[in-house]
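Everything on this sheet refers to the single structure shown next.
2 protein chains.
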Amino acid sequence: MRLTKKERQSYLSQALEQNPFLTDEEVAKKFHVSIQTIRLDRLELGIPELRERIKHMAEKKFDHVQSLSPSEVIGEVIDLQLHKNGISLLEIGLEHVFERNQIARGHILFAQANSLAIALADWKVALTGNASIRFIRPVQLGEKCIAFATVAEAHDSRLHVGVQTKVQEEIVFQGDFEVYRVSDDRGN
Amino acid sequence: MRLTKKERQSYLSQALEQNPFLTDEEVAKKFHVSIQTIRLDRLELGIPELRERIKHMAEKKFDHVQSLSPSEVIGEVIDLQLHKNGISLLEIGLEHVFERNQIARGHILFAQANSLAIALADWKVALTGNASIRFIRPVQLGEKCIAFATVAEAHDSRLHVGVQTKVQEEIVFQGDFEVYRVSDDRGN
DNA sequence: CTCATTTTAATACCTAGTCCTAAGTGCTAG
DNA sequence: CTAGCACTTAGGACTAGGTATTAAAATGAG
């Protein structure tokens, strides 16, 4: 016997995570055991069969594509009063962090704040002009960031928005954004 | 007979595009024809079976996730002298722009500059502290952004980096980043 | 040696198909 | 009216990649 049951099962879940397209037969050969053993393993580990795995992936992708294109909205706007204030929520996931240390990349927090600031402007086309920002403490994987934006100054075609992002009452990010309006067909 | 063959086939491809998870049986009921008819239709239209459709979707998603996690590297670093200067290239694609007007979202340019600034620091863990930035002109879909970063000040654990992003000699973005070092196990 | 765990085997069944042959339906042109 | 054609439906055989169940081996530990 090569591996113990536990070892095999741990390798199995790894392998399927890395390549979900493997059939039971293929992994069975890899581990030099019978198909049935692999199936028992999957059963115990609660890993669904190939087709279900694939289906779930496809469903996720489908949801994703339907709901938000990757860069379109970072964070979920949960409250918004145009030209006044807004709140956006973002849970830091694996796709947001440095692999090495599980700390959220700066531009993710920036993107959340920036998106919110732009959403505050009730203009067809709004862009960011200047911004000055401060990353106060690193944000870890899994933390929920709540960005609070308030309009400090409002002009015809310019908005000054202050954004504070907190994790559990603790400020982690602060930024001032100057958002300006574009006259539709390109402008500025 | 409800629909002609052509009509049915056109609705069929539409329906499957909109919801690729439909089985032949389900659409057969929808169109009040037999399963065989639907299968003939798919054959003629070159539409693969449910499982293949789903698999292809999953594969696409998989490729995506494998190649670049959306936030990991924004822009391609083409030149880098640690603690001195660096250059990064980014071609604005569909995934970077507002749908409405094909202008690159601010945080994309920020992300490119931020990634480059952090790459300049030869530290295991480097994070952005403060930054002040200026979006000088909107960047359109398809434009190639070249970010030039130079270190203005270098201390033990802090780096001041200036970044200028240009599209064909024209400055579109400017930022000053303060990058700081973290003593490995979390720190700061 | 014996007992429990682990592994393998064998069988029936499932879904969502493919591929193939055959037969039925509806309409049109001679 | 009927032969011919396009279209539709039906049926059977086979497929992959399983589930679920039962049963028999193999193996290791006490």
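Chains as they are written, first to last, in our numbering: chain A, 6 to 193; chain B, 6 to 193. Positions of the beta carbon are idealized from the N, C-alpha and C atoms, including for glycine. In this text, all values refer to a predicted model and were calculated from it rather than measured experimentally.
- Among the bridge pairs identified by DSSP, Ser188/A is matched with none.
- Between Arg47/A and the set Arg13/A, Glu64/A, Lys35/A, Ser137/A, the nearest pair of CA atoms involves Arg13/A.
- Of Thr42/A, His88/A, Val38/A, the smallest CA-CA separation from Ala159/A is found for His88/A.
- Among the residues of the segment 130-152 of chain A, those with a Cβ less than 9 Å away from any Cβ of chain B are Val130, Leu132, Thr133, Gly134, Asn135, Ala136, Ser137, Ile138, Arg139, Phe140, Ile141, Arg142, Pro143, Gln145, in the order of the chain.
- Nearest to Leu114/A by alpha-carbon distance, out of Gly98/A, Arg163/A, Lys65/A, Phe26/A, is Gly98/A.
- Ranked by Cα distance from Leu164/A, the options Gly51/A, Val32/A, Leu121/A, Lys10/A are led by Leu121/A.
- Under the three-state reduction of DSSP output, Val172/A falls in the strand class.
- Around the beta-carbon of His37/B, fewer than 16 other beta-carbon atoms lie within 10 Å, marking it exposed.
- Boundaries of the alpha helix (DSSP H) around Gln19/B: 10-23.
- Less than 8 Å divides the Cβ of Val184/A from the Cβ of Ala131/A.
- The C-beta of Ser39/A has fewer than 16 other C-beta atoms within 10 Å across all chains shown, which makes the residue exposed.
- For His165/A, the three-state secondary structure derived from DSSP is strand.
- Asp84/B is bridged by DSSP to Ile92/B.
- Counting only unbroken stretches of 3 or more residues, the beta strand (DSSP E) elements lying wholly within the segment 108-146 of chain A are 131-140, in sequence order.
- DSSP, reduced to helix, strand and coil, places Phe103/B outside both helices and strands of the structure shown, so it counts as coil.
- Phe103/A is the residue among Thr155/A, Phe103/A, Leu8/A whose C-alpha sits nearest the C-alpha of Gly147/A.
- In the structure shown, Phe36/A adopts helical secondary structure according to DSSP, grouped into three states.
- The beta-carbon of Phe115/B is placed less than 8 Å from the nearest beta-carbon of chain A.
- A Cβ-Cβ distance of about 11 Å is found for the pair Gly180/B and Ile141/B, leaving them out of contact under the 8 Å criterion.
- Pro53/A is positioned such that its CB atom lies no closer than 8 Å to that of Ile108/A.
- Proximity of His160/A to chain B, defined by a Cβ-Cβ separation below 8 Å, is not satisfied.
- The CB of Arg56/A comes closer than 7 Å to the CB of Arg56 in chain B, given here in chain order.
- At least 8 Å separates the beta-carbon of Ala157/A from that of Gly91/A.
- One Cα belongs to Gln86/B, the other to Glu49/B, and the distance between them is close to 58 Å.
- Here Lys60/B is buried, its C-beta having at least 16 other C-beta atoms within 10 Å.
- Interface residue (Cβ-Cβ distance to chain B less than 8 Å): Ile108/A is classified as such.
- Sorting Thr133/A, Asn106/A, Glu22/A by C-alpha distance to the C-alpha of Val187/A places Thr133/A at the top.
- Of the other Cβ atoms in all chains shown, fewer than 16 fall within 10 Å of the Cβ of Ile83/A; this residue is therefore exposed.
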